[in-house]
Structures are given as C-alpha cells and as structure tokens.
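Undergrad: The sequence shown begins at 632 in this note's numbering and counts up one residue at a time. Where is the CB? At the ideal position from N, CA and C, for every residue including glycine. Before I ask anything, let me first share the structure, which is written out below as structure tokens.
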Amino acid sequence: MLNSLRRLWHTPRWRWSILVILLLGGCSAVTVHQLDARFGTPEPRDRVVSGDSLAGRHWEDEVKPILETRCVVCHGCYDAPCQLKMSSAAGIDRGINPAPVYDGTRLLAANLTRLFEDADSTAEWRDMNFSPVLNERNDSALANLEGSVLFRSLSQKRKQPLPVTEEGLLPEDRFDLSLNRSQVCAPIERYDAFAEDHSDWGMPYALPQISDEEHRTLVNWLAQGSPMTKVRPVSEALVPRIQQVEAFLNGDSLKQRLMSRYIYEHLFLTHLYFPEAKGANGRPIFFSLVRSSTPPGEPIQRISSRRPYDAPYAAYPGDGRDVMPHDEAGRPRVYYRLWQERSTILAKNHLPYSLSDARLERWQSLFLAPDYTVDDLPGYDLKTASNPFLTFEAIPAESRYRFMLDESQNTIMGFIKGPVCRGQVAVDVINDHFWVSFTDPSLFSLPQVERTLAREGENLSLPAEQSSNALPISSWIKFERKQQAYLQAKQKLMMQAYEDGNLRLDMQLLWDGSGWQGGEGGDHNPNAALTVYRHFDNAAVMKGLVGNVPKTAWVIDYPMLERIHYLLVAGFDVYGNLGHQLTTRLYMDFLRMEGENNLLALLPAGERQAVHDSWYQDVDSGLEKLLFKKPPQFDAPSDIVWTPGELSSPGKARIGLMRRLRERLAPELVHERSLETLEDDAVRRELKALSEVSGLAASLLPEVTIIALEREGSEHPQLFSVLRNSAHANITSLFDEEANRRPERDTLDVLRGVAGDYPNAFWHLTPESLQGLARRVAVLKDEADYRQLMADIGVRRTDPRFWQFSDSVLRANYADRPVEAGLLDYNRLQNR
C-alpha cells in the first residue's frame, strides 16, 4: 500500500488527491492557535496571475467553469448565503460575512458591502468583518487545503453525501431551505465545530456532490494557492467604440452634462454591450456605466455612493469637495466611464442594453437636438437629487419619456432585477400576471403638460428624499397627501384636455411603438407591450402580451414610469432600515393603483367601479379607508365603441378592452414565447392543454417549473416554462399574503424558453412522456399526487443526475438567448 502511494505521489494529478485522503483521515481539532503554530498567521495574499500563464489558463478553462455552474448558482447576488459571492475572483477572495444584506427588521441602515465599490482590497474587506474561504496562511499545499473553508466544505460533502429519504427527498428536519433561514457562517478557525454540528451541510448545500473529476480539479487548484486572473482587457478593435461612447457622455456643455447625468442615473444597473463585439465564449462583453473622478483616457477612479444621485464628493472622507475635480465655475466634475464587468452574468440581475451604432444618434436627437437651455446644473442635495422632476426639469418631458420607452422592458426590469433581487415586500405589491402598455409620449410635448409637471414637482417627491432611514407611518401619511394632490392636478389637466379635444379615451391614447427607426424592430418597437409574471418574491418581465388574458393590466404614463425607477431602482437601498423599505412598499401601492386607474379610464364609465372592485375583494374596510382609499376618478365617458355583449357585464367589458389592446399593439407584439410558433403539432397540443389546467390542480404546482424536452437528433433539449399564476382576493396585505390567496382560482401559463430566473422544479421529458401530461396534472388532488408526478418526470435537487441535467438546461438556454441568458439561481428549488 505504501509503495503504491509513493508511486502515485510522483504523478502530479494524484498528488493533491493523496493529500486529501491524508487530511480526511485525521480528525484533530483545528483552533486558531494550532493553525497559527502550524502555518503562520493569516495575511491576505495576491492571487492574481496572468491570463496567459499556465495557472491562469487552468483557472479560466478548468476551475472557473466548475465554480460558475456548481457554486455561483447559489452564491451570486445580495442574497448569497453568508455574502459569499463566487461570481468573481474578487468575491471569492473577499470571503464570508454573517450579516444578512436582506434584513427587513433593522432599525438603522446597514453599512454598505457592495463588491467592487465599498472596499478596494481584500485587506479592507477583512476590516469589514469578512473572513476568508481560501487559505491566507503559509503558501504550502497542506496549508492551502487545511486552511481553506472552501476545501473543507467540499470535502465534508464527500465524507457525508446527501441524505435522501425513500421518497427521494431531503429530510426536512436536517435541512432548512427557507430564504430567511438562519445562516451559519463558520470561518476556518471554527469549521470543525460547524462540521460536527451540521455534518450534512457540505457544499454544494442541499444538492448532490460534484463529480470526482470536478472535485479533483478544485482540490488541485486550492492546493496550488488558488491562483486567479483579472478580467482580460478588451480587444484593440473595441477601444475606439468605448472612446466614442465616453466622448459623447463627457461633453463640456451644461446641456451635455445634464444629459449624461440623466442617462447614468437610469442605466447604472444595466449591462451595456456592443452588438458586434464577442468575448471568448461567443457572448457579448458587458460593461457598467460608472461615475469616475478621472476623464476618458485615464484609469477609472470609481466614485461609489449609496445611490446613483448622491453627491459624488460624499464618496470621499470628510466633505470631499476639495478632492473632487471641479470645472471653472467651481462645480464638481464627474466623468461617465465604461467599466468592464468582472462578475459572471447571472440571469436574476442581468439587464442587457445594446450600444448599437444608432444609439448615440438617438440620444443626440432626444437630448441635444431639441431647443432648450440649461442655465445651471442641479445640485446634489438629497431633496432635489432624489426627485427627477426637479433635477431634470430643463430636459423636455417627452425626451425623458421616449428615452425610457425605447427600452421599456429594461426600465421595468430594473425594479424586478435590481437591488430587490430578493424580497416579497418589494414585489407583493403586484399581481402574479398582468400586461403593461404606455401612454402616447407625444402627449408630454404639450405645453400645459410640461407646466403641470413643473408645478407638481414637489408633490411627485419620493421616499428616498429621507435617505435610508425613515419612519414608516409618518412618512406614508406625508406621501399619501402628496399623491392625492398630484392626482387631483392630473385629473384637472386631463379633463381640460378632454374638453379641448386634445385627449380622447380610446386606444389611440396608447403608444404604438413608433418614434425611432433605428431601434429594435425599426418603427415598430416591441417594447410597446410588456408582460409581468410575479413568482412570490421575484418576478420576470418579457416583451409582448404573453399568456392567457390576465385579471388586470397597467397603463403607464411618464410620471408613473419615472417614479417607478426612482422609487425601486435609483432610490431603493437594500441596506436601508425597516422604515425605508416599508415606505417604499406602500408608495408602490400608489403607483400600482394609478396604473390600474389609467386602464379603467378606457372602460365604459358604468363598468369602471365594478371592475375595480373585482381586483380588491374582501379588503378590510378600515385598511381600505386608511391605505387604499380610491384615488380621484376621471369620469369622462370612454370614446371606444363597445358592442352590446361587452356592455352586458363588467367582465366582458374588461375582456373586450384586453382584445382591443392586442389589436392596437399587434404590429409590435413579439411571439417568441407563444406555443403557436411550435412546429410539432403533438407537442403544441399537449402544452396548450397543460396551460388550460386551473384551480386546485394548478395550485399544487410550483410557481416556476422548467421543462427540458429531449428531441432525437437535437443538440440541446427544448425548454419550456410552466408558470403558476397565484390568485388573490386582493394584494393589499403587507405581511400575510396567504390570507388573501384563492388557490381555487389559480391558473397556468406555458411558455417557450426559460421564463423565470429562480426555478422551483425541473421536469425532464421526451415526446413520449409528454403525452397525457396535461390530463395527469389536471387530476392532481394533493401533495402526494404531486410528489408522485415529480418521482416520475422530475429532476429533484437530490437526483444524482442533477448537475448533468442542469448543464444541459444551461447550454440550451444560452443557445436560445445568447444575450439575455445568464446563470439561474437554485436557492428556490423545492424539496417536494
């Protein structure tokens, strides 16, 4: 035996595996003193190697893909367990922190811990209570393994494989899969105690162990000191394009600077890309738009602030005004730069935005060509900066609105995929399925509309003017009064326009997607119609009027769209206190009801109240009067010609309006999600039958199920999504949503492709096993029936085939949507 080990030791690929065996064979307690005595005191080290080196190529070609597909699927966003973000080398080196980012109970705003922004080095993260998961003691193979939390957690899974019940499930008393579970973030000095208390919790947590080959690759990498590379520099061919964009965004005139500030505050979360440029993986190279204290041509010195509109000098110690560059008038000079993304792209926070050749021309026509004057730049005092109607009053409202409409999916996705990448309190303000359309932007070119917006600027203020600490009740009363005042002014304006003949309540009120020849679809912009699906504490936004006819829809105008962005994206602080988060949630109620009332105005006057009431059934009378009192109604008659059948009931009038919505936007509607585009008749019939299942049977399904349909001769499986639309009597509850659930009214939509970033279940099907699926789902009666269904066609989180299946879904998703796709999040996979 000893001679065999000696021979294997001289084979490099086995050397580190032998070390693993020796390490796992011992069970001595590891303490700080013992680690220090054996391997020295910890000190952050530089792990960066050249991408052209042997170690660099090994990291990029072998190690990084394993970490992405096995680790980042749970460790990628603000809600990564223990704040361990493994989507970049910097995140891995930063390590773990026990403080949760999502904490809806804190009384004061938390300190910021945003990767790449709030610390510049690993040493600084150590001062902010982050502990390493990689060895930071002496650089030897033994120390690099025994001193690594990552190695210990992977090895723990090898020692204690995933326990599985006879039903193929995880034992519920040994695993907590709830999103708000208590986290145990053990540093290496306390890892032995953690492993003894939670022997089943090796990594990947509550998922199958990785393959022997993958484990060997990671162990070898860890033993060698975990070398990683920086992001590769962009190609020489792309440099002129970057220079062109940065030159455009950093002009010297006040008009140019105000434009650039507006663009930055709306695109700071997006992933910008040049359509013609591809990375080594064949996908786009993504950039973020950042503020810098250095001009184009110099290295970026990123200005990191809590919110994108905070004073740039607040990012410096003390006042910072003397450190910031200034213009000749003494105003802070900020530069807008393209910063190459360092992190793996995750679907849940991916907002792709094309910088095509036509984009700068479009911005030129919207912001610089119109005849208006900027006499001075607005300041950064919080009351002004948090209110875009005050800050950007000089820019024509129509230009601002068209800028957001050009990529309205991106705008709406901001609050779905932005800082609230997890949070029921953020998205339980919306229904599970609704359509979105927009008012005609030309309405906001009218002088009387511009004057009203300027006059109502104070009433359009938002909760973020109170920074990240707020008192919820007093704040809500304040903003409720302002909202009522604004709605009264809006009603007065609309009535006057109606009487003057400048406003008709018909389908021509809605934007038809026209206005920009150089955009996607030419003069037929598919962003004119959107569909939102909410999945409990997350949501998805897609182009087109997707799925069966929903219960409700929103008609969004410019003030509403702007406030959605500044409420839930630019102004929302995930580190804010309970009052800030609660006030934000309550304010979003105002906006939802405003969008619904915009839709109601198109219905026959006599049916509006009944349709409204159908959306708010069983609302407590006291709560309704306090929080959900009906906004002022625009009571002018609809100009739509209704049929007698549509006038026979509120429900038929609503369906008639939805039909007209489809007809009005037909040229702009995309059908990539529709089952009607399927060529296989049998598959189409079965999936359409599945989409017709409703009631109790539908309620037993999870909110997002991804189907992988294997086809003979096809390189990738065909992907579909089964979405459960959870019915509610109303969505007025802040904390007890279940009390308003009406599962007997639940419905299903079946769509092409992946339509949810947080899957709850996977089904693996063939054309043969697909047949009869709709009938089987329709007769589900209880949890036992559903579990049997999963046993037959599901790929559970305990399935030994899980990672192989996951890889096939990932590859198929990238093939379907090379720009939009990213890694899925597995934190919400169910144990059923």
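1. How is T753 classed by DSSP in three states: helix, strand or coil?
2. For L633, I'd like the list of residues in its chain whose CB is within less than 6 Å of its CB, leaving aside the five on either flank, ordered along the chain.
3. Between the alpha carbons of F1110 and G1226, how many angstroms are there, rounded?
4. Within a Cβ cutoff of 8 Å, which residues of the same chain sit near Q1055, ignoring the five residues on either side of it in sequence?
5. Using a threshold of 7 Å, state whether the C-beta atoms of R968 and S923 are closer than that.
6. Considering only the alpha carbon of each residue, which of D1154, D1312, V1205, L1134 lies closest to F1265?
7. Name the DSSP beta bridge partners of Q971, please?
8. Going by beta carbon distance, what residues of the same chain come within less than 7 Å of T1042, once the five residues before and after it are set aside?
9. Measuring CA to CA, which of T1162, N1090, T1083 is closest to L1124?
10. If L853 sits next to Y984, beta carbons under 8 Å apart, how far is it from one beta carbon to the other, in whole angstroms?
11. Which residues mark the beginning and the end of the beta strand (DSSP E) in which N1356 is found?
12. Go ahead and label G656 buried or exposed: buried means 16 or more other beta carbons lie within 10 angstroms of its beta carbon, across all protein chains shown.
13. Using the Cα positions of F918 and Q1402, report the straight-line distance between them to the nearest angstrom.
14. With a threshold of 8 Å, are at least 3 pairs of Cβ atoms found where one atom belongs to the segment 782–802 and the other to the segment 872–882?
15. If distances are taken between C-alpha atoms only, which option among R993, G1049, E767 comes closest to T901?
16. Taking the Cβ atom as the reference point for each residue, do R973 and M859 lie within a distance shorter than 7 Å?
17. When we look at the beta-carbon of H957 and count the other beta-carbons within 10 Å, is it buried (16 or more) or exposed?
18. Does the separation of the CB atoms of N1391 and P1333 fall below 7 Å?
19. Using 8 Å as the cut-off, can you tell me whether the segment 1071–1089 makes contact with the segment 1014–1023, which would need three or more C-beta pairs spanning the two stretches below that distance?
20. Give the straight-line distance between the Cα atoms of H1243 and Y1164, rounded to the nearest whole angstrom.
21. From E820 to V663, what distance separates their C-alpha atoms?
22. Look up S1325 in the DSSP assignment and give the residues it is bridged to.
23. What is the residue span of the alpha helix (DSSP H) that N1169 lies within?
24. If you draw a straight line from the C-alpha of R1482 to the C-alpha of R676, how long is it?
25. Whole angstroms is fine: what's the gap from S857's alpha carbon to F782's?
26. May I ask you to report which of helix, strand or coil DSSP gives L977?
27. Looking only at its own chain, which residues have a Cβ that is under 6 Å from the Cβ of V795, when we skip the five neighbours before and after it?
28. How many angstroms separate the CA atom of L1222 from the CA atom of L1118?
29. Within the segment 1053–1127, note down every full beta strand (DSSP E) run reaching 3 residues or more, in order along the chain.
30. DSSP three-state call for E1303: helix, strand or coil?
31. Relative to the alpha-carbon of P864, which residue among R1355, S681, Q1115, G833 has its alpha-carbon at the smallest distance?
32. Can you give me the Cβ contacts of Q787 inside the same chain, cut-off strictly under 8 Å, excluding the 5 residues immediately before and after it?
33. For G1425, name the three-state secondary structure that DSSP assigns.
34. F998 by DSSP, collapsed to three states: which one?
35. Measure the CB-CB distance between A1267 and Y1129 and report whether it falls below 7 Å.
36. Quick check on the burial criterion: 16 or more other C-beta atoms within 10 angstroms. Buried or exposed for S684?
TA: So, to answer that:
1. Here the question's residue 753 lines up with position 122 in the sequence shown. Residue state, collapsed to three classes: helix.
2. Numbered from its first residue, the sequence shown carries residue 633 at position 2. The predicted model places L633 with a pLDDT of 42, which falls under 50 and marks its position as unreliable, so this point remains unresolved.
3. Position 479 of the sequence shown, counted from the first residue, corresponds to residue 1110. Position 595 of the sequence shown, counted from the first residue, corresponds to residue 1226. If you take the alpha carbons of F1110 and G1226, they lie about 17 Å apart.
4. Mapped onto the sequence shown, residue 1055 falls at position 424. Caution applies to Q1055, whose pLDDT of 47 falls short of 50 and renders its modelled position unreliable; the model cannot decide the point.
5. On the sequence shown, position 337 is the one that residue 968 refers to. On the sequence shown, position 292 is the one that residue 923 refers to. With respect to S923, R968 sits close: the two C-beta atoms are nearer than 7 Å.
6. Within the sequence shown, numbered from 1, the residue matching residue 1265 stands at position 634. For F1265, the closest C-alpha among the options D1154, D1312, V1205, L1134 is that of L1134.
7. Taking the first residue of the sequence shown as position 1, residue 971 is located at position 340. Among the bridge pairs identified by DSSP, Q971 is matched with F918.
8. Here residue 1042 corresponds to residue number 411 of the sequence shown, with the count starting at 1. The answer, listed in chain order, is M1035, L1192, H1196.
9. Counting from one through the sequence shown, the residue named residue 1124 turns up at place 493. Closest in alpha carbon position to L1124, among T1162, N1090, T1083, is T1083.
10. The residue given as residue 853 occupies position 222 in the sequence shown. The residue given as residue 984 occupies position 353 in the sequence shown. With a Cβ gap of about 37 Å, L853 and Y984 do not count as contacting.
11. Position 725 of the sequence shown, counted from the start, is the residue given in the question as residue 1356. 1349–1356 is the span of the beta strand (DSSP E), which, as asked, contains N1356.
12. Here residue 656 refers to the residue found at position 25 of the sequence shown. Residue placement at G656 cannot be trusted, given a pLDDT of 45 that sits under 50; what the coordinates show is reported in the next sentence. Classification for G656: exposed.
13. Here residue 918 corresponds to residue number 287 of the sequence shown, with the count starting at 1. Here residue 1402 corresponds to residue number 771 of the sequence shown, with the count starting at 1. Just so you know, the alpha carbons of F918 and Q1402 end up roughly 45 Å apart.
14. Here the segment 782–802 makes no contact with the segment 872–882; the two share fewer than three CB pairs at distances below 8 Å.
15. Position 270 of the sequence shown, counted from the first residue, corresponds to residue 901. Closest by alpha carbon: G1049.
16. Numbered from 1 along the sequence shown, position 342 holds the residue referred to as residue 973. Numbered from 1 along the sequence shown, position 228 holds the residue referred to as residue 859. It is not a contact, given that the beta carbons lie outside the stated cut-off.
17. By one-based count along the sequence shown, residue 957 stands at place 326. H957 sits exposed, since fewer than 16 C-beta atoms from the chains shown fall within 10 Å of its C-beta.
18. Position 760 of the sequence shown, counted from the start, is the residue given in the question as residue 1391. Position 702 of the sequence shown, counted from the start, is the residue given in the question as residue 1333. A Cβ-Cβ contact shorter than 7 Å links N1391 with P1333.
19. Yes, the segment 1071–1089 is in contact with the segment 1014–1023.
20. Reading the sequence shown from its first residue, position 612 is the one you call residue 1243. Reading the sequence shown from its first residue, position 533 is the one you call residue 1164. C-alpha separation (whole angstroms): 20 Å.
21. Locating residue 820 in the sequence shown gives position 189, where the first residue counts as 1. Locating residue 663 in the sequence shown gives position 32, where the first residue counts as 1. So the two alpha carbons sit approximately 5 Å from each other.
22. Here residue 1325 is taken as the residue at index 694 of the sequence shown, counted from 1. Note: S1325 sits in a beta bridge opposite T1378.
23. Working through the sequence shown from its first residue, we reach residue 1169 at position 538. Not the alpha helix (DSSP H): N1169 falls in the beta strand (DSSP E), residues 1169–1174.
24. The question about residue 1482 has no answer, for the chain in this structure spans 632 to 1463.
25. Counting from one through the sequence shown, the residue named residue 857 turns up at place 226. Counting from one through the sequence shown, the residue named residue 782 turns up at place 151. Answer to the nearest angstrom: the Cα atoms are 11 Å apart.
26. Start at 1 with the first residue of the sequence shown, and residue 977 comes out as number 346. Residue state, collapsed to three classes: strand.
27. Numbered from its first residue, the sequence shown carries residue 795 at position 164. Residues T1429 of the same chain have their beta carbon placed closer than 6 Å to that of V795, with the five preceding and five following residues left out of the count.
28. Here the question's residue 1222 lines up with position 591 in the sequence shown. Here the question's residue 1118 lines up with position 487 in the sequence shown. The alpha-carbon atoms of L1222 and L1118 are separated by roughly 11 Å.
29. As for any beta strand (DSSP E) of minimum length 3 sitting wholly inside the segment 1053–1127, the runs are 1064–1069, ordered along the chain.
30. What you label residue 1303 is simply residue 672 of the sequence shown in a count that begins at 1. Looking at E1303 - three-state DSSP - the assignment turns out to be coil, as it is neither helix nor strand.
31. As a first step, residue 864 must be located in the sequence shown, where it is residue number 233. With distances taken between CA atoms, P864 lies nearest to S681 out of R1355, S681, Q1115, G833.
32. The count along the sequence shown starts at 1 and reaches residue 787 at position 156. These residues qualify, in order along the chain: A826, S830, W832, G833, M834.
33. Taking the first residue of the sequence shown as 1, we reach residue 1425 at position 794. Here G1425 sits in strand by DSSP.
34. In the sequence shown, residue 998 corresponds to position 367, counting from 1. F998 falls in the helix class under three-state DSSP.
35. The residue given as residue 1267 occupies position 636 in the sequence shown. The residue given as residue 1129 occupies position 498 in the sequence shown. Cβ atoms of A1267 and Y1129: closer than 7 Å.
36. Locating residue 684 in the sequence shown gives position 53, where the first residue counts as 1. A residue is called buried once 16 or more other Cβ atoms fall within 10 Å of its Cβ, and S684, having fewer, is exposed.
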